[in-house]
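Everything on this sheet refers to the single structure shown next.
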Amino acid sequence: MKTLFDKVYTRKEWTFIKIPFFLFWISLLQHILDKGYHASLSKGLCQLVDCQFFIATDNKILILSIAWLLGVLYIAEIKMKWTTFILFVMSMMVYSAEESSGVLSRSGMFSFIFLSQSIAYWIYSFDIELQRLWKNRIQFSMQAIAVAYFLSACSKLIDSGLSWPSDGHRITLQIVKSFNYNWVTNLNGEELDKAAYFVKLINQNQFTLFVLLSISWLLEFFIPLAIVQRGYARIYGIALLGMHIGIFYFMDIVIISFVVPMIIIFINPLYCIMTLLDKPTKRINSIFKISR
Amino acid sequence: MNQIKNKVNWFIFTFGVFVLYGIGYLIFGESHPFSRYPMYSSFPNWSYVFYFTDKHDKIIPFETMNIHGVEVSHLYYLISEDLQILYGNFQESKEDLDLLGTKMIEIIKVQTDFDHPFIKLYRGGYYLENDSIIRIDQLMTTIDYEDSI
Numbered sequence: 050m051k052t053l054f055d056k057v058y059t060r061k062e063w064t065f066i067k068i069p070f071f072l073f074w075i076s077l078l079q080h081i082l083d084k085g086y087h088a089s090l091s092k093g094l095c096q097l098v099d100c101q102f103f104i105a106t107d108n109k110i111l112i113l114s115i116a117w118l119l120g121v122l123y124i125a126e127i128k129m130k131w132t133t134f135i136l137f138v139m140s141m142m143v144y145s146a147e148e149s150s151g152v153l154s155r156s157g158m159f160s161f162i163f164l165s166q167s168i169a170y171w172i173y174s175f176d177i178e179l180q181r182l183w184k185n186r187i188q189f190s191m192q193a194i195a196v197a198y199f200l201s202a203c204s205k206l207i208d209s210g211l212s213w214p215s216d217g218h219r220i221t222l223q224i225v226k227s228f229n230y231n232w233v234t235n236l237n238g239e240e241l242d243k244a245a246y247f248v249k250l251i252n253q254n255q256f257t258l259f260v261l262l263s264i265s266w267l268l269e270f271f272i273p274l275a276i277v278q279r280g281y282a283r284i285y286g287i288a289l290l291g292m293h294i295g296i297f298y299f300m301d302i303v304i305i306s307f308v309v310p311m312i313i314i315f316i317n318p319l320y321c322i323m324t325l326l327d328k329p330t331k332r333i334n335s336i337f338k339i340s341r
Numbered sequence: 004m005n006q007i008k009n010k011v012n013w014f015i016f017t018f019g020v021f022v023l024y025g026i027g028y029l030i031f032g033e034s035h036p037f038s039r040y041p042m043y044s045s046f047p048n049w050s051y052v053f054y055f056t057d058k059h060d061k062i063i064p065f066e067t068m069n070i071h072g073v074e075v076s077h078l079y080y081l082i083s084e085d086l087q088i089l090y091g092n093f094q095e096s097k098e099d100l101d102l103l104g105t106k107m108i109e110i111i112k113v114q115t116d117f118d119h120p121f122i123k124l125y126r127g128g129y130y131l132e133n134d135s136i137i138r139i140d141q142l143m144t145t146i147d148y149e150d151s152i
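As C-alpha cells, this is what we get:
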C-alpha cells in the first residue's frame, strides 16, 4: 500500500499508463472515423492544413493502420521521441478536424500528453539517466493534465470572479439544458423527469451546492500541489474523480477526454490493482518456497 | 549558488510542461491543443436547446440522424463564433437565428445525410425569473428540400 503513495516512479507504472492510454486514444479515434464527420468550419490547425483527410471515412483503414503501427512502436518503446511526437501531431490533426466539424470534445490536454511524453524522451537523449526518464515521462504527463484543470479554475475566476460558487443557483438552467439534450435525442420522457428531480433537489440544498462548488474550484486551482509528488497525485486524482462523479450524477455530463486520462495517469487503477495483488502473491510464494 | 541552481532546476522539471502549455495558450489562444477550458466557467441566466421538427411540428429525435443534442448545440456556438455573431442571453436577432439555423442544417445534412424532405429547426431557451424557470421556443429556420427540388 505504501508504494502506491510514495514518490517513486517505476517502469511498471509506466507500462500500466501507456497501454490503457493508447487503447483509449485509438478507441476515440475509431469513434471519430466511424462518425463520418465533415470538417466544414476550419478551426485551429485546419485553417492551415486540409484536415478532412484525417477524418474522412474513405481513409479510415489507412489512418487506423498508421495509428496501430504507432501504437505498437509506443508500447514496445521503439524510437520513442519520434513515436510520441508523431502521435501528438496525429492527435492534433484528428481532434482539430473533429472540432472543425462542430464537436467540442475539449481534447487539447489529451493530445498535449503525447507532446509532454515526447519532451521527456528528448531530454533523455541528452541526459542519459534512466531514473530521470522513468520519472519525467509520467510526471510530465501529470503536468499536462494539471495545467488543464488549473486553467479551467482560472477561467472561472476570469469569467465569474469569486462569485462563481454563489452564482451556482443558476446551475439549474444548465441541468435542464443537459437533460433536454438527451430528450431531444431519444424522446425518452424519463430525461425530463430527471431534470425536474435534480432542479428541485438543488433548489432545496443551495448551501450544500455552494460548498460543493467551492470545493471543486479549490481542487482545480490547487492542482499544481498534486504534481509535486507521485503519491499526492494519486490522492488528488481520487478527489477529482469524486468531483467528476458528482458532475455526472447531477448534470449528466462527462468530458471523457478529461476524465479518462486523469484516471489513467493520476490514479492508474490497473497499477494499483497489480501492486496490491503482487504483494500477497509474493508473500504466498515465499512461504511456499520455505515450506518446500 | 548551487542551491539556487538546484531549485531552478527542480522548478523547470516539475512545472516546465505546465508553464509551456500556459505560454502556448497565451500565444495561440483557443486553438487545439491549447485552451483555457472555459466550460461552465460562469452560470449565466440563459441556456439553449435545439431540436428539429417535421412538417406537422412533430419532434424528430436526433438519434434517428446518428447525432446527439449536445453536438447540435456545439455547432450553434462554433458557427456563431465563425460568423462573428454575438450569442447568449437571447440577444440574437431573427436574421441571425435564420442564418445560424440554415448553416447548422447544412452541416448536419452533410454529416448525417438525413433524408427528411421538410425540416424546421427550433431553439428552446431557458431563463430564471423569480426562481422559476421560463422557457421560450423560437423557430430559427425552415428548410423544404422538396420545394428546392
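Just so you know, the sequences run in chain order D and A. Start counting the first sequence at 50; every next residue gets the next number (our numbering). Start counting the second sequence at 4; every next residue gets the next number (our numbering). Built from N, CA and C at the ideal position, the CB exists for glycine as well. For clarity, every value in this text was computed on a predicted model and none was experimentally measured.
Leaving out five residues on either side along the sequence, give the residues of the same chain with a beta carbon under 7 Å from the beta carbon of residue i.
i: Pro69 of chain D; result: Ile313 and Leu319
i: Gly151 of chain D; result: Leu90
i: Ser83 of chain A; result: Tyr90 and Leu103
i: Phe342 of chain D; result: The first residue shown for chain D is 50 and the last is 341, placing residue 342 of chain D beyond what the model contains.
i: Ile172 of chain D; result: Asn185
i: Gln192 of chain D; result: Ser165 and Ile276
i: Thr52 of chain D; result: Thr324
i: Lys205 of chain D; result: Trp213 and Trp266
i: Ile152 of chain A; result: Residue confidence is low: Ile152 of chain A scores 49 on pLDDT, short of 50, so the model does not pin down where it sits. Its coordinate-derived value is still stated next. Cβ neighbours of Ile152 of chain A beyond the five flanking positions: none.
i: Ile339 of chain D; result: Unreliable placement is indicated for Ile339 of chain D, whose pLDDT of 48 sits below 50; no coordinate value is reported for it.
i: Met4 of chain A; result: none
i: Ile304 of chain D; result: Arg155
i: Leu211 of chain D; result: none
i: Ser167 of chain D; result: Lys130, Thr133, Phe134 and Phe137
i: Ala88 of chain D; result: Cys95, Cys100, Gln101, Ile104, Ala146, Ser149 and Ser150
Residues of chain D with CB closer than 7 Å to the CB of residue i, please, in chain order.
i: Pro41 of chain A; result: Ser204 and Asp208
Find the nearest neighbour of residue i within the set the options, judged by alpha-carbon distance.
i: Gly72 of chain A; options: A:Gly91, A:Tyr51 and A:Asp57; result: A:Tyr51
i: Tyr144 of chain D; options: A:Ser34, A:Ile70 and A:Tyr24; result: A:Ser34
i: Ile30 of chain A; options: D:Tyr86, D:Ile276 and D:Gly93; result: D:Gly93
i: Lys97 of chain A; options: A:Leu124, A:Val22, A:Ser135 and A:Val113; result: A:Leu124
i: Met292 of chain D; options: D:Leu261, D:Pro273, D:Val277 and D:Lys61; result: D:Leu261
i: Phe16 of chain A; options: D:Ile177, D:Gln188 and D:Asp327; result: D:Gln188
i: Thr221 of chain D; options: D:Thr106, D:Phe299 and D:Thr257; result: D:Phe299
i: Tyr86 of chain D; options: D:Lys67, D:Thr106 and D:Cys95; result: D:Thr106
i: Leu97 of chain D; options: D:Ala146, D:Val248, D:Phe71 and D:Lys128; result: D:Ala146
i: Gly27 of chain A; options: D:Leu179, D:Val309, D:Gly157 and D:Ala244; result: D:Gly157
i: Asp147 of chain A; options: A:Trp49, A:Thr56 and A:Leu23; result: A:Thr56
i: Gly127 of chain A; options: A:Asn92, A:Tyr43, A:His59 and A:Ser38; result: A:Asn92
i: Arg39 of chain A; options: A:Glu66, A:Phe21, A:Ile110 and A:Thr67; result: A:Phe21
i: Tyr24 of chain A; options: D:Ile264, D:His218, D:Ser190 and D:Val248; result: D:Ser190
i: Arg128 of chain D; options: D:Ser160, D:Ser174, D:Met142 and D:Ile251; result: Sequence check: residue 128 of chain D is Lys here, not Arg. Cα-wise, what sits closest to Lys128 of chain D is D:Ser174.
i: Gln141 of chain A; options: A:Lys112, A:Val113 and A:Glu95; result: A:Glu95
i: Glu126 of chain D; options: D:Ser306, D:Trp63 and D:Leu153; result: D:Trp63
i: Ile272 of chain D; options: D:Tyr198, D:Glu178, D:Gln278 and D:Arg181; result: D:Tyr198
i: Met42 of chain A; options: D:Met311, D:Gln255 and D:Ile302; result: D:Ile302
In chain D, which residues lie with their C-beta within 9 Å of the C-beta of residue i?
i: Ile110 of chain A; result: His87, Ser89, Leu90, Ser150 and Gly151
i: Gln114 of chain A; result: Lys84, Gly85, Tyr86, His87, Ser89, Ser150 and Gly151
Suppose the cutoff is 8 Å on Cβ atoms and the five residues either side in sequence are ignored; what does the same chain contact list for residue i look like?
i: Glu349 of chain D; result: Because chain D in this structure spans residues 50 to 341, residue 349 of chain D falls outside the shown range and cannot be described.
i: Tyr80 of chain A; result: Tyr90
i: Ile75 of chain D; result: Leu113, Ala116, Trp117 and Gly120
i: Arg341 of chain D; result: Legend: pLDDT at Arg341 of chain D = 42, less than 50; position of this residue unreliable, value from coordinates given subsequently. None.
i: Ile287 of chain D; result: Ile316
According to DSSP, residue i sits in a beta bridge with which residue or residues?
i: Glu132 of chain A; result: A:Ser135
i: Phe37 of chain A; result: A:Ser34
i: Ser50 of chain A; result: A:Tyr129
i: Ile146 of chain A; result: A:Ile122
i: Asp140 of chain A; result: A:Gly127
i: Ile63 of chain A; result: A:Phe55
What in chain D is Cβ-close to residue i, meaning under 8 Å?
i: Ser135 of chain A; result: Correct list: empty, because the minimum Cβ distance to chain D is about 10 Å.
i: Glu66 of chain A; result: Thr234 and Asn235
i: Leu83 of chain A; result: Leu is not the amino acid found at residue 83 of chain A; the sequence shown has Ser there. Per Cβ cutoff of 8 Å: no residues; Ser83 of chain A is ~11 Å from chain D at best.
i: Phe14 of chain A; result: Correct list: empty, because the minimum Cβ distance to chain D is about 11 Å.
i: Tyr54 of chain A; result: Val233
i: Tyr28 of chain A; result: Leu200
Using a C-beta to C-beta distance shorter than 8 Å, which residues of chain A count as neighbours of residue i?
i: Arg219 of chain D; result: Phe46, Pro47, Asn48 and Leu131
i: Asp216 of chain D; result: Ser45 and Phe46
Could you work out which residues of chain A lie near residue i, taking near to mean beta carbons separated by less than 9 Å?
i: Arg283 of chain D; result: The premise fails here: Arg283 of chain D is roughly 17 Å from chain A at the closest Cβ pair, so nothing lies under 9 Å.
So which residues on chain A does residue i lean against when the C-beta distance must stay under 7 Å?
i: Ala193 of chain D; result: Val20 and Tyr24
i: Val196 of chain D; result: Phe21, Tyr24 and Gly25
i: Val277 of chain D; result: Thr17
Please list, in chain order, all residues of the same chain as residue i whose beta carbon is under 6 Å from its beta carbon, the five residues on each side excluded.
i: Ile70 of chain A; result: Thr115
i: Leu100 of chain A; result: Met143
I'd like to confirm something about residue i: is its beta-carbon nearer than 7 Å to some heavy atom of the ligand HEM, or not?
i: Asp101 of chain A; result: Of the ligands one can find in the structure shown there are none, so the ligand HEM has no counterpart to examine.
(request) At 4 residues or longer, and completely inside the segment 239-311 of chain D: list those alpha helix (DSSP H) runs for me, N to C. (result) 239-253, 255-270, 279-300 and 305-311
(request) Run through the segment 164-198 of chain D for me and flag every whole alpha helix (DSSP H) of 4 or more residues, listed as ranges in chain order. (result) none
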